[in-house]
Amino acid sequence: MSNIPVELKYAKSHEWARHNDDGTVTVGISDNAQDQLGDMVYVELPEAGQTVTAAEACAVVESVKAASDVYTPVSGEVVEVNEALSDAPEKVNQDAYGDGWLFRVQPSDASELDALMNGDAYAEFLAAEAH
Amino acid sequence: MTHKTPLYDEHIADGGKIVDFAGWDMPINYGSQIEEHNHVRTDAGMFDVSHMTVVDLTGERTREYLRYLLANNVDRLRESGKALYSCMLNEQGGVIDDLIVYYFRDDFFRMVVNAGTRARDLAWLEQQSVDFSVTVTERPELAMIAVQGPKARARTLPLLRESVREAAAALKPFYGVFDGEWFIARTGYTGEDGFEIILPAEEAAEFWVRLRAAGVHPTGLGARDTLRLEAGMNLYGSDMDENVSPLESALAWTVAWEPAERDFIGRKALERQRAEGAGRKLVGLVLEDRGVLRNHQLVKTGSGEGEITSGSFSPTLQRAIAFARVPQDTGDHCQVDVRGRLLNARVVKPPFVRNGKARIEL
Chain A
7 MSNIPVELKY
17 AKSHEWARHN
27 DDGTVTVGIS
37 DNAQDQLGDM
47 VYVELPEAGQ
57 TVTAAEACAV
67 VESVKAASDV
77 YTPVSGEVVE
87 VNEALSDAPE
97 KVNQDAYGDG
107 WLFRVQPSDA
117 SELDALMNGD
127 AYAEFLAAEA
137 H
Chain B
14 MTHKTPLYDE
24 HIADGGKIVD
34 FAGWDMPINY
44 GSQIEEHNHV
54 RTDAGMFDVS
64 HMTVVDLTGE
74 RTREYLRYLL
84 ANNVDRLRES
94 GKALYSCMLN
104 EQGGVIDDLI
114 VYYFRDDFFR
124 MVVNAGTRAR
134 DLAWLEQQSV
144 DFSVTVTERP
154 ELAMIAVQGP
164 KARARTLPLL
174 RESVREAAAA
184 LKPFYGVFDG
194 EWFIARTGYT
204 GEDGFEIILP
214 AEEAAEFWVR
224 LRAAGVHPTG
234 LGARDTLRLE
244 AGMNLYGSDM
254 DENVSPLESA
264 LAWTVAWEPA
274 ERDFIGRKAL
284 ERQRAEGAGR
294 KLVGLVLEDR
304 GVLRNHQLVK
314 TGSGEGEITS
324 GSFSPTLQRA
334 IAFARVPQDT
344 GDHCQVDVRG
354 RLLNARVVKP
364 PFVRNGKARI
374 EL
């Protein structure tokens with residue numbers, strides 16, 4: 007059974023978003039997504055300062071098996087990326103919601119988060135996808 | 014409707030992730046492909062290869078038949094149990110399949126061919142057998158387990174019947190020995206020492222469980238692919254097929270030109286290609302920039318374009334590696350189009366890894 011923290015929001019493309027107290031949004035891929043992709047070997051992240059648009063690809067996670075685009079769930083400016091993944095992409099497998107975060111965005115429109123699924127809805131979405 | 018091997022229930026019990034491979038439900042991994050890969054390089058892993066096709070060839074003229082059928086020469090096989098790797102070609106010199114053939118007696122050889130080419134191989138074997146009155150018998154009632162790694166033989170030998178243990182321990186590389194319906198061969202597809210064991214399907218699950226109890230880890234098709242790629246071994250359907258010859262597939266070493274009077278299917282086409290020079294060759298690549306090489310990526314060289322036929326991340330080298338088919342006069346460097354970016358790669362001669370050790374400079 008996948009780990010799906012209830013305090014996060016989820017996109018249909020399997021990213022999670024955490025709305026931080028300072029207004030920024032941290033983005034990663036879900037535990038289900040990392041499990042499907044398998045062992046990560048390379049992560050390509052956006053640049054800090056880069057402007058990103060919701061639902062557009064701005065990062066790539068590559069496992070031994072395949073490369074997969076990561077779509078930002080919110081528009082805005084990238085304020086920080088997880089540099090540690092450059093040498094340790096396996097953190098995405100080990101701790102998808104913690105040390106395996108990908109990038110942090112200063113959202114231009116935080117209401118975009120409302121369009122995402124909550125944990126229960128994402129669990130249902132995964133169950134439906136599996137059938 | 015997919016096929017299941019006699020070990021399917023074991024794969025489920027071991028937590029295997031099942032994928033469709035050539036019409037078979039096979040485990041891609043049992044959790045972590047990289048851990049499985051590393052365990053084979055350092056200890057011992059086991060693979061269910063029961064999907065592969067075992068074919069027995071019998072009849073007085075079997076040697077003569079194989080001499081004509083295969084690009085490698087079965088006359089290299091004189092000791093019972095000896096194995097030979099060969100391509101089976103069409104008249105155009107294209108590769109119908111690559112296979113291992115074992116010699117037992119002049120009227121009895123055994124062949125192991127790929128699962129994905131099974132129907133076509135069997136039809137070809139049958140068609141060619143007519144002139145030689147050879148009987149082609151598929152053995153679907155047999156399973157096959159490969160145990161590979163530096164500790165594979167030590168962990169496996171105590172589990173074999175006492176009647177064969179000594180003979181199995183004494184096997185030289187590329188030899189096999191029968192024990193009733195069991196056949197134990199010192200062959201593999203990982204670049205490590207080990208055994209490939211052909212055994213009755215109904216005995217396979219019990220043997221798998223005993224191997225696991227002896228410390229041999231179940232290893233999926235994912236790791237099988239990265240292990241063979243590191244070992245510099247071709248995969249049929251990716252690195253070669255009916256449209257390319259062994260000369261364009263880094264398999265010229267498997268073509269027995271001598272004796273010149275031996276006729277084999279595809280010989281004339283290969284000789285023409287050898288005289289004119291094959292336009293392309295299969296080489297190894299090591300990515301120098303960061304990223305991952307994948308099948309079908311475009312390769313740019315000073316002599317023209319090529320294509321990656323097998324690309325992945327090498328867990329042993331911690332770098333992206335690949336096989337690529339490139340123009341014959343390609344030099345030491347090339348670039349690969351990786352998701353729209355041109356990355357630098359070095360051209361090398363595989364294997365990348367053998368017996369746990371890097372064989373190329375990084």
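In order, the protein sequence lines correspond to chains A and B. Position one of the first sequence corresponds to residue 7 (the numbering used here), numbered consecutively onward. Position one of the second sequence corresponds to residue 14 (the numbering used here), numbered consecutively onward. Beta carbons are placed, not taken as given, at the ideal position from N, Cα and C, and that holds for glycine. Since the model is a prediction, treat every value here as computed from it, not as a measurement.
With a threshold of 8 Å between beta-carbons, can B:Ser251 be considered close to chain A, or not?
One-based indexing of the second sequence puts residue 251 of chain B at position 238. No, because no Cβ of chain A sits closer than 8 Å to the Cβ of B:Ser251.
On the DSSP letters alone, give me the boundaries of the alpha helix (DSSP H) that B:Gln286 sits inside.
Position 273 of the second sequence, counted from the start, is the residue given in the question as residue 286 of chain B. Where B:Gln286 is concerned, the enclosing alpha helix (DSSP H) stretches over 280-289.
Is B:Ile25 helix, strand or coil when you go by DSSP?
Counting from one through the second sequence, the residue named residue 25 of chain B turns up at place 12. Correct three-state label for B:Ile25: helix.
Is DSSP giving B:Tyr249 helix, strand or coil here?
Translated into the one-based positions of the second sequence, residue 249 of chain B becomes position 236. Three-state result, B:Tyr249: strand.
Check distances from the C-beta atoms of the stretch 30-51 of chain B to those of chain A and list, in chain order, the residues that come in under 7 Å.
Asn42, Ser45, Gln46, Ile47
Would you mind listing the alpha helix (DSSP H) stretches within the stretch 44-84 of chain B that are 4+ residues and don't spill past its ends, in chain order?
46-55, 75-82
Which residue marks the beginning of the alpha helix (DSSP H) containing A:Asp37, and which one marks its end?
Within the first sequence, the letter at position 31 stands for residue 37 of chain A. From DSSP, the alpha helix (DSSP H) with A:Asp37 extends over 37-43.
Rounded to the nearest angstrom, what separates B:Leu378 and B:Asp206 at their Cα positions?
There is simply no residue 378 of chain B to check, as chain B begins at 14 and stops at 375 in what is shown.
Taking Cβ to Cβ, would you say A:Ser74 is nearer than 8 Å to A:Val66?
In the first sequence, residue 74 of chain A corresponds to position 68, counting from 1. In the first sequence, residue 66 of chain A corresponds to position 60, counting from 1. Yes.
Interface positions of the stretch 235-250 of chain B facing chain D (Cβ-Cβ less than 7 Å), listed along the chain:
This model lacks chain D altogether, as its protein chains are A and B.
Coil, strand or helix - B:Gln376 by DSSP
It is not possible to answer for residue 376 of chain B, since the shown part of chain B is limited to 14 through 375.
Hey, is A:Ala73's beta-carbon within less than 8 Å of any beta-carbon in chain B?
Along the first sequence, one-based indexing puts residue 73 of chain A at 67. So, interface residue.
Taking contact to mean at least 3 C-beta pairs separated by less than 8 Å, is the stretch 113-131 of chain B in contact with the stretch 86-95 of chain B?
yes
What are the boundary residues of the alpha helix (DSSP H) that A:Gly125 is part of?
Counting from one through the first sequence, the residue named residue 125 of chain A turns up at place 119. Taken as a continuous stretch (DSSP letters only), the alpha helix (DSSP H) holding A:Gly125 covers 125-135.
Give every residue of the same chain whose Cβ lies closer than 8 Å to the Cβ of B:Ser325, excluding the five residues on either side of it in the sequence, and list them in chain order.
Numbered from 1 along the second sequence, position 312 holds the residue referred to as residue 325 of chain B. Correct list, in chain order: Asp238, Thr239, Leu242, Val305, Leu306, Arg307, Ala333, Ile334, Ala335.
Grab me the residues of B:Leu295's own chain with a C-beta within less than 6 Å of its C-beta, minus the 5 sequence neighbours each way, in chain order.
Numbered from 1 along the second sequence, position 282 holds the residue referred to as residue 295 of chain B. So the qualifying residues of the chain are Ser262, Ala263, Phe336, Arg338.
So that I know if they touch, is there some Cβ in chain B lying closer than 8 Å to that of A:Gly106?
One-based indexing of the first sequence puts residue 106 of chain A at position 100. Chain B contact via Cβ: absent.
May I ask you to report which of helix, strand or coil DSSP gives A:Ala17?
As a first step, residue 17 of chain A must be located in the first sequence, where it is residue number 11. It is coil, neither helix nor strand.
With DSSP as the reference, please indicate the residues paired to B:Arg225 in a beta bridge.
Along the second sequence, read from residue 1 onward, the residue named residue 225 of chain B stands at position 212. DSSP lists no partner for B:Arg225.
For B:Arg367, name the three-state secondary structure that DSSP assigns.
Walking along the second sequence from the start, residue 367 of chain B turns up at place 354. Strand at B:Arg367.
Pick out whichever of A:Val98, A:Leu122, A:Ala60, A:Phe109 has its Cα sitting closest to the Cα of A:Asn38.
Start at 1 with the first residue of the first sequence, and residue 38 of chain A comes out as number 32. Comparing Cα positions, the closest option is A:Val98.
For B:Leu20, name the three-state secondary structure that DSSP assigns.
Locating residue 20 of chain B in the second sequence gives position 7, counting from the first residue. Coil, per DSSP.
Does the stretch 204-221 of chain B come into contact with the stretch 43-61 of chain B, if we say contact requires no fewer than three beta-carbon pairs (one atom in each stretch) closer than 8 Å?
yes
Residue burial classification, B:Ser63 (beta-carbon count within 10 angstroms, cutoff 16):
On the second sequence, residue 63 of chain B is found 50 positions in, with the first residue counted as 1. B:Ser63 is buried by the Cβ-count criterion.
Have a look at B:Leu260 and B:Trp195 and give me their C-alpha separation to the nearest angstrom.
Position 247 of the second sequence, counting from 1, holds the residue named residue 260 of chain B. Position 182 of the second sequence, counting from 1, holds the residue named residue 195 of chain B. One C-alpha to the other measures close to 35 Å.
Just checking: is the beta-carbon of B:Arg307 within a distance shorter than 8 Å of some beta-carbon in chain A?
Against the second sequence, residue 307 of chain B aligns to sequence position 294. It does: the Cβ of B:Arg307 has a partner Cβ on chain A nearer than 8 Å.
DSSP state of A:Gly82 mapped onto helix, strand, coil:
Working through the first sequence from its first residue, we reach residue 82 of chain A at position 76. A:Gly82: strand per DSSP, three-state reduction.
Could you spell out the range, first to last residue, of the beta strand (DSSP E) harbouring B:Thr15?
As a position in the second sequence, residue 15 of chain B is number 2, starting the count at 1. Run containing B:Thr15: none; DSSP gives neither H nor E here.
Note down, in chain order, every chain A residue with its Cβ under 7 Å from the Cβ of B:Gly304.
Here residue 304 of chain B corresponds to residue number 291 of the second sequence, with the count starting at 1. The answer, in chain order, is Tyr48.
Nearest-angstrom Cα distance between B:Ile373 and A:Asp27?
Taking the first residue of the second sequence as 1, we reach residue 373 of chain B at position 360. Taking the first residue of the first sequence as 1, we reach residue 27 of chain A at position 21. Roughly 50 Å between the two C-alpha positions.
Contact with chain B by A:Asp45, beta-carbon distance below 8 Å:
Working through the first sequence from its first residue, we reach residue 45 of chain A at position 39. Yes, its Cβ sits closer than 8 Å to a Cβ of chain B.
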